[in-house]
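The letter at position 271 of the sequence shown is residue 270 when you use my numbering, and the numbering goes up by one with no holes.
Working notes for the structure below.
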Amino acid sequence: MIGYVSKTFFHTLAGSPSLKRLASRYGMRDSHSFARRFIAGETIDEAIAAVRAIEASGLMHTLDLLGESVHTMAEADAATRAYLATMDRVVAAGIGRGLSLKLTQLGLTIDRATCVDNLRRILDRAGTGEFFVRVDMEDSPFTQVTLDVFETMWQQGYRNVGIVLQSCLRRTRADAERMIELGASVRLVKGAYKEPKRVAYQRKSEVDASFVELMELLLSSGRPHHAIATHDPAMIEATRRFASARALTPDGFEFQMLYGIRRDLQAQLRDAGYRVRVYVPFGREWFPYFMRRLGERPANVAFVIRGLLSERRS
């Protein structure tokens, strides 16, 4: 219940225009500003610099140009063109080619057909540039339509695309079984959104039990390169034990973690021979993502408050 209240609180703050303005003023002002613990920067140049450091340390990455729930067709088109431009910059920089995106960023709440067209534009460019695109999962009202759009693209022959599933949702086992049937790559996460009890588990123990069950289902499916995305040492250890018991090689799946969180665990898994991918968010629309990270781990709040007070005094 504490986790549920925390998510509720931070989701409320995420919708505050005044707090967003304040955070935007101070959060990314320089390399020491508080939001840079979780956000690689506001520009692609900053993101590329962060990725170079990640790759130099022997880790992989996926870039996420932050943004969601656009309100106009023009905004959806602008987001699509921004992703196309990002791919051009990534190719020119010679760094790894992984992207993550949200369908509401491409116009899902405005017109589904346009969203599909925008996603197709991105996947077409991704195909020519040898990118892999991960479609992020948003809160539960968008779960089914996100899966429907993903499957539409899959049935049209796109294989350079994967999906995200959340262990907090009660429906996810059936969704995972369907993705296994398709042969699609899944990133398994616990879930960062505030969700009602009728659709989601509320207790951490239930979310964790679901995560382990789904992890075992995915890794025993024989499909390559599912992603186990967690910073929870217990979930990581459960995954390692299961993989060892099934004699799965470390390159048959990968762990994924968020930029700026548990770098020690990232390094430990890398040193143990596992594939580790870092989710690297960047862009000007960073505030909602930032607040969800605080909702997941309230211990970060003191760090942020200290940083904000320091910025305002300077």
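By construction, the Cβ of each residue, glycine as well, lies at the ideal position given by its N, Cα and C atoms.
When rounded, the separation of the alpha-carbon atoms in Y82 and A75 is 11 Å. In this structure S56 is not in contact with T108, their Cβ atoms being roughly 38 Å apart against a cut-off of 8 Å. Cβ-Cβ distances below 6 Å link S166 to K189, V206, S209, F210, L213 in the same chain, with the five nearest sequence neighbours on each side left out; the list follows chain order.
Shown here, Q255 sits in a strand according to DSSP, grouped into three states. A residue is called buried when at least 16 other Cβ atoms come within 10 angstroms of its Cβ; R186 meets this threshold and is buried.
Annotated three-state conformation of M136 is coil, per DSSP. Leaving aside the five residues that flank F254 on each side, the residues in its chain whose CB is nearer than 6 Å to its CB run, in chain order, I227, L268, Y273, V275. At a Cβ-Cβ threshold of 8 Å, P287 and A39 do not count as neighbours.
Short of 8 Å from the beta carbon of R111, and not among the five residues preceding or following it, lie these beta carbons of its own chain, in chain order: V144, V148. The region 128–174 contains, as complete alpha helix (DSSP H) runs of 4+ residues, the segments 142–154 (chain order). Distances from the CA of G156 to each of T238, V163, A183 were compared; the closest alpha carbon is that of A183. If you draw a 10 Å sphere on the C-beta of G66, you find 16 or more other C-beta atoms in it, and that means buried. Per the C-alpha coordinates, the member of D87, W153, A52 positioned closest to R262 is A52. Burial check for M72: the Cβ neighbour count within 10 Å stays below 16, so the residue is exposed. Under the 10 Å beta carbon count, D174 is surrounded by 16 or more other beta carbons and is classified as buried. Annotation for D44: no residue places its beta carbon closer than 7 Å to its own, counting only its chain and skipping 5 residues before and after.
The shortest C-alpha to C-alpha distance from A199 to any of S220, R36, L98, R169 is the one to R169. If you compare the alpha carbons of E129, L216, T229, V132 with that of R172, the shortest gap goes to L216. Assignment of V69 by DSSP, reduced to helix, strand and coil, places it in the coil class.
Per DSSP, reduced to three states, the secondary structure at G57 is coil, with no helix or strand assignment. For F281, the beta-bridge partners assigned by DSSP are L64.
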